[in-house]
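Read through the structure below, which is laid out as structure tokens, and then see the notes.
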Amino acid sequence: DPKTAERIEHLSRALVKKLLHEPTLRLRERAGGGETDEAATAIRALFGLSTPRDP
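Just so you know, we're using this note's numbering here: the sequence shown kicks off at -1 and counts up by one.
As structure tokens, this is what we get:
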């Protein structure tokens, strides 16, 4: 049912937005306070990202 799929999509997006809101604010605060290296390290650790490679 397309209407049900649309509702599920909306609910999923709203849930992800709610879950990421507070962590995103905290990371922005740290980055704005000059803690960019620490914020980048935290993001990489949280999401399992590799470190950027030098060109």
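By construction, the Cβ of each residue, glycine as well, lies at the ideal position given by its N, Cα and C atoms.
* To do: Would you kindly check if the distance between the Cβ of Ala37 and the Cβ of Ala29 is under 8 angstroms?
  => In contact: Ala29 and Ala37 (Cβ atoms closer than 8 angstroms).
* Give the range of the alpha helix (DSSP H) segment to which Leu9 is assigned. => Pro0 to Gly30 is the span of the alpha helix (DSSP H), which, as asked, contains Leu9.
* **Distance between Leu18 and Ile6 (C-alpha atoms, nearest Å)** => The straight-line gap separating the alpha-carbon atoms of Ile6 and Leu18 is approximately 18 angstroms.
* Would a check of beta-carbon distances place Ser48 closer than 8 angstroms to chain C? -> Chain labels in this structure do not include chain C; a single protein chain is all it has.
* Which of the three DSSP states, helix, strand or coil, is assigned to Thr49? -> Thr49 falls in the coil class under three-state DSSP.
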